[in-house]
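Trainee:
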Amino acid sequence: MNQFKGQVLSWEFKDGAVELALHREPCNEIGSRTLEELESFASNLKSFEHQFHALILYSTLKSGFCAGADLRELYHGAQGMEKHSAARGVREFLQRIHRVMNAIDASSLATIAAVNGVTFGGGLELALVCDLIIADKMARFCFPELRLGLIPGFGGIPRLKRDLGNAVVRDLLLTGRSFNATKAQQVGLVSQVVAEGESLKVARGTAAQLGKFDRPTVMAAKKFIKPIPYEELRLEIDIFCELFSQPAVEAGLKKFVEGKDSQPYLP
Amino acid sequence: MPDSEQTLEEVLGLAAAQFKIPREKLTPDDDFFKTLGMDSLQALDLLTRLEHHFNVELPDYELQGVSDFRTLASRIQARL
Numbered sequence: 549m550n551q552f553k554g555q556v557l558s559w560e561f562k563d564g565a566v567e568l569a570l571h572r573e574p575c576n577e578i579g580s581r582t583l584e585e586l587e588s589f590a591s592n593l594k595s596f597e598h599q600f601h602a603l604i605l606y607s608t609l610k611s612g613f614c615a616g617a618d619l620r621e622l623y624h625g626a627q628g629m630e631k632h633s634a635a636r637g638v639r640e641f642l643q644r645i646h647r648v649m650n651a652i653d654a655s656s657l658a659t660i661a662a663v664n665g666v667t668f669g670g671g672l673e674l675a676l677v678c679d680l681i682i683a684d685k686m687a688r689f690c691f692p693e694l695r696l697g698l699i700p701g702f703g704g705i706p707r708l709k710r711d712l713g714n715a716v717v718r719d720l721l722l723t724g725r726s727f728n729a730t731k732a733q734q735v736g737l738v739s740q741v742v743a744e745g746e747s748l749k750v751a752r753g754t755a756a757q758l759g760k761f762d763r764p765t766v767m768a769a770k771k772f773i774k775p776i777p778y779e780e781l782r783l784e785i786d787i788f789c790e791l792f793s794q795p796a797v798e799a800g801l802k803k804f805v806e807g808k809d810s811q812p813y814l815p
Numbered sequence: 222m223p224d225s226e227q228t229l230e231e232v233l234g235l236a237a238a239q240f241k242i243p244r245e246k247l248t249p250d251d252d253f254f255k256t257l258g259m260d261s262l263q264a265l266d267l268l269t270r271l272e273h274h275f276n277v278e279l280p281d282y283e284l285q286g287v288s289d290f291r292t293l294a295s296r297i298q299a300r301l
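As you go down the protein sequences, you meet chains A and B in turn.
Take the first sequence: its letters are residues 549 to 815, numbered as in this note's numbering.
Take the second sequence: its letters are residues 222 to 301, numbered as in this note's numbering.
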């Protein structure tokens, strides 16, 4: 497939790189449609690896890269279902999104997330599968899941632990606070901070640089410096599903979805 | 270091610029969620601009319940 234009994401090829654009209003929330289109992308990844040297993920929306899981779909989907059926549905969703995330994480392409604005929860987890994160100076990073009585479910904790010091991981997770791009760079989450609106352009320049090196050498380096924590990723799904059945989660989701609060992204 | 009045004035100026309204339309005790019709994504945007402008880190939980410019400016002042 040479290019794809979906309902919520698209991809095309430019200067030897695959560019995957997210474009679901209001802020690229990841629900079943996004998952289906990401799976379609992942199924093409192996063939892309033979033709291209890099993958750039970005958002076309000013609001941000991605606000995370589609909590409205999660909440409404679970309504009227038996608890165990809802839990099974959540586990299947997580297993599917993990397969996509793991495929991008393990890709031999040089992968870059060019992020802007809100990069929260599942959005940050998507960025974390990439080799590099290039952040617009207005980008903001957060794991708000504990506010809902949950932990991140798309691989966030194992990948944060892979990349950052444990004190920073605890700060992000246990306070649920958000970091700006400068702070994210200071702690090692982000490799470059760029001017407003420039992250995609800088990511393209970086992708061109990455493309200069011998591919097998790049792949060998990636295997060495970016191991995928499969065991912890599986454990994360189990813990998430266990927590999901707790009453606090339903109450948290209900508050987020049905509340009149105009500030759902603030703690 | 700016004094508290200067900080407040700069906060008002930044908010006016972000929402493209004349500075004189804003007063220190305005509820910015109501006056500016600000939603949470826009609030995060303003928070990021304030952090960059003042070169401070403002944990968002510290701003919980803050909805007027004067209190917001005082929280920033405390970190300068």
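Note that CB positions come from ideal geometry on N, CA and C, so glycine has one too.
None of the values given here were measured: they were computed from a predicted structure.
1. A/S810 to B/F254, Cα distance in whole Å?
2. For the alpha helix (DSSP H) that A/I787 lies in, which residues bound it at each end?
3. For the region 712-734 of chain A, enumerate the residues whose C-beta is nearer than 9 Å to any C-beta of chain B, in chain order.
4. Please report the residue range of the alpha helix (DSSP H) in which A/R644 lies.
5. Spatial neighbours of A/E560 within its chain, please: C-beta separation below 6 Å, excluding the five flanking residues on both sides.
6. Under 8 Å, with one C-beta from each stretch per pair, do the region 634-651 of chain A and the region 597-604 of chain A reach the 3-pair mark?
7. Quick one, are the C-beta atoms of B/D289 and B/D260 less than 8 Å apart?
8. Residues in the same chain with beta-carbon distance under 7 Å from B/A238, minus the five sequence neighbours each way, listed in chain order, please.
9. Alpha carbons only, please: which of A/H624, A/A751, A/I787 is nearest the one belonging to A/V742?
10. For A/K709, collect the residues of the same chain with a Cβ closer than 8 Å to its Cβ; drop the 5 residues on either side in sequence, then sort them by chain order.
11. May I ask you to report which of helix, strand or coil DSSP gives A/I705?
12. Taking the C-alpha atoms as reference points, what is the distance between A/M767 and A/N650?
13. Grouping DSSP H, G and I as helix and E and B as strand, with all else coil, what is B/E230?
14. Below 8 Å on the Cβ atoms is my guess for A/S726 versus A/R688; work out the distance and round it to an integer in Å.
15. Given a cut-off of 8 Å, decide if A/S607 and A/L657 are closer than it, judged by their beta-carbon atoms.
16. How would you list, in chain order, the residues of chain A whose beta-carbon sits under 7 Å from the beta-carbon of B/E269?
17. Please list, in chain order, the chain B residues whose beta carbon lies closer than 8 Å to that of A/V666.
18. Determine whether the Cβ of A/S607 lies closer than 8 Å to any Cβ atom of chain B.
19. Given a threshold of 16 other Cβ atoms within 10 Å of its Cβ, counted over all protein chains shown, does A/G616 qualify as buried or as exposed?
20. What are the boundary residues of the beta strand (DSSP E) that A/N728 is part of?
21. Is the shortest distance between the beta-carbon of A/S611 and the beta-carbons of chain B less than 8 Å?
22. Looking at the C-beta of A/C614, does it have a partner C-beta in chain B at a distance below 8 Å?
Mentor: Put simply:
1. In the first sequence, residue 810 of chain A corresponds to position 262, counting from 1. In the second sequence, residue 254 of chain B corresponds to position 33, counting from 1. Low confidence applies to A/S810: its pLDDT is 48, below 50, so where it sits in the model is not reliable, and the reading given next is rough at best. Each residue's alpha carbon lies about 8 Å from the other.
2. Locating residue 787 of chain A in the first sequence gives position 239, where the first residue counts as 1. Residues 778-792.
3. T723, G724, R725, S726, F727, N728, A729, T730, K731
4. The residue labelled residue 644 of chain A in the question sits at position 96 within the first sequence. It spans 631-654 - the alpha helix (DSSP H) in which A/R644 sits, taken as one unbroken run.
5. Residue 560 of chain A sits at position 12 when you count from the first residue of the first sequence. These residues qualify, in order along the chain: Q551, E567.
6. no
7. One-based indexing of the second sequence puts residue 289 of chain B at position 68. One-based indexing of the second sequence puts residue 260 of chain B at position 39. Contact flag unset, no.
8. In the second sequence, the residue the question calls residue 238 of chain B occupies position 17. Cβ neighbours of B/A238 within its own chain (closer than 7 Å, five residues either side excluded): none.
9. In the first sequence, counting from the first residue as 1, residue 742 of chain A sits at position 194. Minimum Cα distance to A/V742 is reached at A/A751.
10. Locating residue 709 of chain A in the first sequence gives position 161, counting from the first residue. V717, P777, E780, listed in sequence order.
11. Within the first sequence, numbered from 1, the residue matching residue 705 of chain A stands at position 157. In the structure shown, A/I705 sits in a helix (DSSP, three-state: H, G or I).
12. In the first sequence, residue 767 of chain A corresponds to position 219, counting from 1. In the first sequence, residue 650 of chain A corresponds to position 102, counting from 1. Their backbone Cα atoms lie some 15 Å apart in a straight line.
13. In the second sequence, residue 230 of chain B corresponds to position 9, counting from 1. Note: B/E230 maps to helix in three-state DSSP.
14. Within the first sequence, the letter at position 178 stands for residue 726 of chain A. Within the first sequence, the letter at position 140 stands for residue 688 of chain A. With 8 Å as the limit, A/S726 and A/R688 qualify as a contact, their Cβ atoms being about 5 Å apart.
15. Position 109 of the first sequence, counted from the start, is the residue given in the question as residue 657 of chain A. Position 59 of the first sequence, counted from the start, is the residue given in the question as residue 607 of chain A. Result no, Cβ atoms of A/L657 and A/S607 do not sit closer than 8 Å.
16. Counted from its first residue, the second sequence places residue 269 of chain B at position 48. For the record, residue 269 of chain B in the displayed sequence is Thr; it is not Glu. Ordered by position in chain A, the residues that pass the 7 Å Cβ test against B/T269 are M686, R688, N728.
17. Within the first sequence, numbered from 1, the residue matching residue 666 of chain A stands at position 118. The contacting residues are L262, L265.
18. Taking the first residue of the first sequence as position 1, residue 607 of chain A is located at position 59. For A/S607, the answer is no, since every Cβ of chain B falls outside 8 Å of its Cβ.
19. Residue numbering aside, residue 616 of chain A sits at position 68 when the first sequence is read from its first letter. The residue is buried, with at least 16 neighbouring Cβ atoms inside 10 Å.
20. Working through the first sequence from its first residue, we reach residue 728 of chain A at position 180. Where A/N728 is concerned, the enclosing beta strand (DSSP E) stretches over 726-728.
21. As a working mapping, residue 611 of chain A is identified with position 63 in the first sequence. Chain B contact via Cβ: present.
22. Reading the first sequence from its first residue, position 66 is the one you call residue 614 of chain A. For A/C614, the answer is no, since every Cβ of chain B falls outside 8 Å of its Cβ.
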